[in-house]
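Throughout, the numbering used here is defined as the position within the sequence shown, counted from one, plus 919.
Ideal placement from N, C-alpha and C gives every residue a C-beta, glycine not left out.
Quantities reported herein were computed from a predicted structural model and do not represent experimental measurements.
Heads up, the thing below is written out as structure tokens.
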Amino acid sequence: MQVRIATDTDGSQWNAYLERKDIAHHAHDWSWRRVLRESFRHVPKYLIAETGGEICGVMPLFHVRSLIFGESLISMPYLNGGGPISDSQEVETALVNFARELLKEIGAKYLELRLRNQNTSLSGALESRSHKVAMILELSDDPEAFFSSFPPKLRSQIRRPSKSGIDASITPGHLVGSKDIRALYSVFSENMRDLGTPVYPKKLFSLTCKYFGRRAKVITAWQKKQAVASGLTISTNGHVEIPWASSLRKFNREAPNMLLYWQSIKSAIEDGDSYFDFGRSTPDSGTFKFKKQWGAEPLPLHWFYDTNGCSIPDVNPNDPKYNRLVKAWQKLPLPIANSLGPFLTRGLP
């Protein structure tokens, strides 16, 4: 067995291997190698383990350079999954060890593996944190019956936007155009500014739709011609995640985000998917409770680290030490926030 760094020509056999393993999350998909490289200019270090010329394991990995936090190797930056996929414990160990040697070779501060399961073999070798959860909703096969299963208060909240003249559009990734991306980004960027958080570059969303094609969807809630809530979903083997979604605060009373999420869930059911993933949350936070009301259950996320002699990074915007920066960012004019944000988020994976 040998482990090597993948090249641009390995995409087809990489995804073919994932199909054989029936992986139920998009983070390992080869498409992210192109999306994140082109959006953030991070360097991919995707690892392939082979025996007799046949793939027996893979691990997506990026070399991230940050002016604030230094260099790191992350599997996978900006996403809620990553780590090794392999045919055996031996192969998994070889992939992780190769990444640890690469960490020393490039002199980065830490290796971070974002796993969606508790890996006991890694627990003894690496430091770990389980401070976040993914909120997962199990779906039925009938959208109307599923809607009826919600508590009356939730059903009322979902209906409220329509009574205010708000409706929704759903555009598959391969049909997404500039109008869809403008609408998504106008809502997302304003909400990020209002939260005091730098925004991602617009091309992250357009490239995600381009490379994931039919597996991606842009869902937008409109009041007349104004986008008031919008999100992007990605599906993989019956699992649909909405990694990015936002709504405009000035329309909170009309609750357009409720329509956005319901249309996303309904679309997943109609496509025959089994699970809807609301994305990452901190337990007992406001977003956690919002997702919990839909019936979603927490799935602990396990992040493993080789800190290379450094401390585990902890970038928490809710930390009091960031309060002044958050408040200052909230006061920025939107065009300035949108210009500075993509430069900063390159180093905030």
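If you drop the 5 nearest sequence neighbours on each side, which residues of the same chain put their C-beta closer than 7 Å to that of residue i?
i, result
"E1109", "L1167, L1253"
"S1005", "A968, C975, G976, E1011, L1014"
"P1003", "G976, M978, E1011, L1014, V1015"
"P863", "Because the chain in this structure spans residues 920 to 1268, residue 863 falls outside the shown range and cannot be described."
Is it buried or exposed, residue i, if we count other Cβ atoms within 10 angstroms and call 16 or more buried?
i, result
"N1036", "exposed"
"G1266", "buried"
"A911", "Shown here, the chain extends from 920 to 1268; a query on residue 911 therefore has no answer."
"M920", "exposed"
"A1247", "exposed"
"K964", "buried"
"L952", "According to the sequence displayed, residue 952 carries Arg and not Leu. Under this definition R952 is a buried residue."
"L955", "buried"
"P1239", "exposed"
"R1048", "exposed"
"H945", "buried"
"T970", "exposed"
"S1149", "buried"
Thinking just about the alpha-carbon of each residue, which of the options is nearest to the one in residue i?
i, options, result
"K1273", "A946, D927, A1053", "Residue 1273 is absent from the structure shown; the chain starts at 920 and stops at 1268."
"L1032", "L1021, S994, L1056, I1055", "S994"
"T1155", "T928, Q932, G930, E938", "E938"
"E1009", "V922, F988, A946", "V922"
"L1179", "I1153, H1221, I1085", "I1085"
"R1172", "S1067, L980, K1082", "K1082"
"E1057", "G1191, K1250, P1202, G1043", "G1191"
"P1202", "F1195, L1220, Y1194, S1193", "L1220"
"A943", "S950, G1000, Q932, G930", "G1000"
"W1163", "H961, Y997, V962", "Y997"
"K1072", "M1177, A1044, P1117, T1039", "M1177"
"E1160", "F1131, P1175, K1143", "F1131"
Identify the continuous beta strand (DSSP E) that holds residue i and give its terminal residues.
i, result
"K1072", "From DSSP, K1072 is part of no beta strand (DSSP E) but of the alpha helix (DSSP H) over 1071-1082."
"W1141", "1135-1142"
"Q1212", "No beta strand (DSSP E) contains Q1212, which DSSP labels as neither H nor E."
"D1086", "1085-1091"
"S1154", "1145-1155"
"D1196", "1194-1200"
Using C-beta distances below 6 Å, list every residue in its chain close to residue i, excluding the 5 sequence neighbours before and after it, in chain order.
i, result
"N1016", "none"
"F1170", "V1147"
"F1197", "M1054, K1210, A1215"
"P1261", "P1120"
"L1099", "Sequence check: residue 1099 is Asp here, not Leu. These residues qualify, in order along the chain: T1090, V1137."
At what residues does the alpha helix (DSSP H) containing residue i begin and finish?
i, result
"L1034", "Taken as a continuous stretch (DSSP letters only), L1034 belongs to no alpha helix (DSSP H), being part of the beta strand (DSSP E) at 1029-1034."
"W951", "950-959"
"V1245", "1242-1249"
"E938", "930-940"
"P1162", "Premise fails: P1162 lies in the beta strand (DSSP E), 1158-1166, not in any alpha helix (DSSP H)."
"Y1180", "1175-1189"
Taking 8 Å as the limit between beta carbons, can you name the residues of its chain near residue i, skipping five residues before and five after?
i, result
"E990", "H982, V983, R984, I1025, G1026, A1027, K1028"
"H1249", "The amino acid occupying residue 1249 in the given sequence is Gln; His does not appear at that position. So the list reads R1112, D1113, L1114, G1115, once near-sequence residues are dropped."
Does the beta carbon of residue i sit closer than 8 Å to a beta carbon anywhere in chain B?
i, result
"D1203", "Among the protein chains of the structure shown there is no chain B, as only one such chain exists."
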